[in-house]
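Encoded as structure tokens, the structure appears first; notes follow it.
Number of protein chains: 2
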Amino acid sequence: MSESRDVKVLGVWTSPFVMRARIALNLKQVSYDFLQETSLTEKSELLLISNPIHKKVPVLIHNEKPICESLVIVEYIDDVWTSAPSILPSHPYDRAIARFWAAYIDEKWFPSMKGISIAQGEEAKKAAIDQVIEGLVLLEEAFVKSSKGKPFFGGEQIGYLDIALGCFLAWLRVSEKMHGVKLLDQAKTPGLVKWAERFCEDPAVKGVMPETDKLLEFAKILFAKMRANLPK
Amino acid sequence: MSESRDVKVLGVWTSPFVMRARIALNLKQVSYDFLQETSLTEKSELLLISNPIHKKVPVLIHNEKPICESLVIVEYIDDVWTSAPSILPSHPYDRAIARFWAAYIDEKWFPSMKGISIAQGEEAKKAAIDQVIEGLVLLEEAFVKSSKGKPFFGGEQIGYLDIALGCFLAWLRVSEKMHGVKLLDQAKTPGLVKWAERFCEDPAVKGVMPETDKLLEFAKILFAKMRANLPK
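If you read the protein sequences in the order shown, they are chains A and B. Per the numbering used here, the first sequence starts with residue 2, numbered consecutively. Per the numbering used here, the second sequence starts with residue 2, numbered consecutively.
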């Protein structure tokens, strides 16, 4: 496995986006060094050099070349390590659908997830919660269509869209606990409820998905800081 | 060419994102029907059915199946019509770099382009102009690295990143004319100045790139409407 001789992931254990890179590497059975950023406020020299444009994790460093942006990293991993099963669907149309929903998750759904925790006032919070649930209902439909009765969006095994959405599951649970709401629920999103269980139990995911209570502690500190920095 | 028997693009002639789909089809020499939306305020039934999530152009309809989001469409076209040269670079690392910069253009650079025209006050406008130019300087560096002395980001012929950035050239010129500034200029971005000329002269682009003066007329009406709808 010569391609994997020098693989590093720059990241933090709390980041769903970092999880994407790690799950993809696990699926491909590529071993890597996980180099964690240690400060919330100061970035490491290696991160600043490796991602000078966005200065954000994750960065995959493969043979000393940095690759940035979580979904770009997942596609790269799929392109490079071709001996393990493909992460992207094999048919161009299915691939387009997976990319479409992954973009939806990042551009529309995730901002509303973030909105729950930084909303000012009960009304704004309720609106953000409704948006998150509406998004999940759309994703439930996408799941039914994409999985065609199989366990994952990607079919028999975890694929691109599973990674794109699944990486948020620990934060979803944290959000449910913090705000006393049910976001992923049996009545509206029965397929995703079962999918989420399967996803978190998968060997490629289990070791990298944060424990809810540990993440909850981190979240309380983070959101207090974020709210303190919001314009009044 | 059985794959191209039923190809439609839903769009408008003014949209850079629609241009992406059309240029990609032209590069692949796929003939298609261009179905234009006729109203700025009311969307066609076909668009609403084809892109129920975003209700936006472009939509590529191939054998009655809709594909949405311009960069997803370009990747789809590249995946389906494989007899013409590839639009994405062939090496995984180069492909990752192209995808990284395309995401940068859509998420960072384009919003600042839009910002020039909706900025309220001279100070905000100047800040937006500076941001656009800073972005172009970064893209100039990316061009030098990616093209390796060849005419395009993609090498000898137009590729993914050429399409992602090139589709904005008519709007860039409109912006320069409307605001009396030079955005793409010889001193700061000499490589891109020459690249832009080549791009617009390419047979795959020539027929779909709007004339600057015609687009300028359209832009004046559009921005007046946008400014009227901004919160005071």
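All C-beta atoms in this analysis are idealised placements derived from N, C-alpha and C, irrespective of residue type, glycine included. All figures in this text were calculated on a predicted structure; none of them were measured in a lab.
Chain-ordered chain B contacts of residue i [CB-CB under 8 Å]
{"i": "A:Asp-7", "result": "Result: empty, since nearest Cβ-Cβ is about 13 Å, beyond 8 Å."}
{"i": "A:Lys-149", "result": "What A:Lys-149 touches in chain B: nothing, since even the nearest Cβ is about 16 Å away."}
{"i": "A:Pro-1", "result": "The shown model of chain A, from 2 to 233, leaves out residue 1 of chain A, and the question about it has no answer."}
{"i": "A:Leu-139", "result": "Ile-54"}
{"i": "A:Val-73", "result": "Ala-97, Arg-100, Phe-101, Ala-104"}
Under the three-state DSSP convention, the category residue i falls into
{"i": "A:Ile-88", "result": "coil"}
{"i": "A:His-1", "result": "With chain A covering 2 to 233 only, the question about residue 1 of chain A has no answer from this structure."}
{"i": "A:Gly-116", "result": "helix"}
{"i": "A:Gly-192", "result": "helix"}
{"i": "B:Phe-219", "result": "helix"}
{"i": "B:Ile-50", "result": "helix"}
{"i": "A:Phe-153", "result": "strand"}
{"i": "A:Val-31", "result": "coil"}
{"i": "B:Tyr-161", "result": "helix"}
{"i": "A:Glu-4", "result": "In this predicted model, A:Glu-4 has a pLDDT of only 49, less than 50, meaning its place in the structure is not dependable; the value taken from the coordinates is given anyway. In this structure, A:Glu-4 counts as helix in the three-state DSSP scheme."}
Limits of the beta strand (DSSP E) - the one that residue i falls within
{"i": "A:Asp-34", "result": "34 to 37"}
{"i": "B:Gly-12", "result": "8 to 12"}
Segment limits, alpha helix (DSSP H) that includes residue i
{"i": "B:Ile-134", "result": "123 to 148"}
{"i": "A:Cys-168", "result": "Segment: none, A:Cys-168 is in no alpha helix (DSSP H) and carries neither H nor E."}
{"i": "B:Met-234", "result": "The question about residue 234 of chain B has no answer here: the residues shown for chain B are numbered 2 through 233."}
{"i": "B:Pro-204", "result": "204 to 207"}
{"i": "B:Leu-72", "result": "71 to 81"}
{"i": "A:Asp-95", "result": "93 to 105"}
Contact list for residue i against chain B, beta-carbon separation under 9 Å
{"i": "A:Glu-70", "result": "Ala-97, Arg-100, Phe-101, Ala-104, Tyr-105"}
Under 7 Å from the C-beta of residue i: neighbouring residues of chain A
{"i": "B:Lys-66", "result": "Tyr-94"}
Proximal chain A residues relative to residue i, where beta-carbon distance stays under 9 Å
{"i": "B:Val-58", "result": "Residues of chain A passing the Cβ test: none, with the nearest at roughly 15 Å."}
With three or more beta-carbon pairs closer than 8 Å as the criterion, would you say the region 66 to 76 of chain B touches the region 88 to 98 of chain A?
yes
Using 8 Å as the cut-off, can you tell me whether the region 134 to 146 of chain A makes contact with the region 55 to 64 of chain A, which would need three or more C-beta pairs spanning the two stretches below that distance?
no
Does the pairing of the region 164 to 184 of chain B with the region 14 to 29 of chain B give three or more beta-carbon distances under 8 Å?
yes
Flag this pair as touching only if the region 143 to 152 of chain A and the region 79 to 87 of chain A have three or more C-beta atom pairs under 8 Å; answer yes or no.
no
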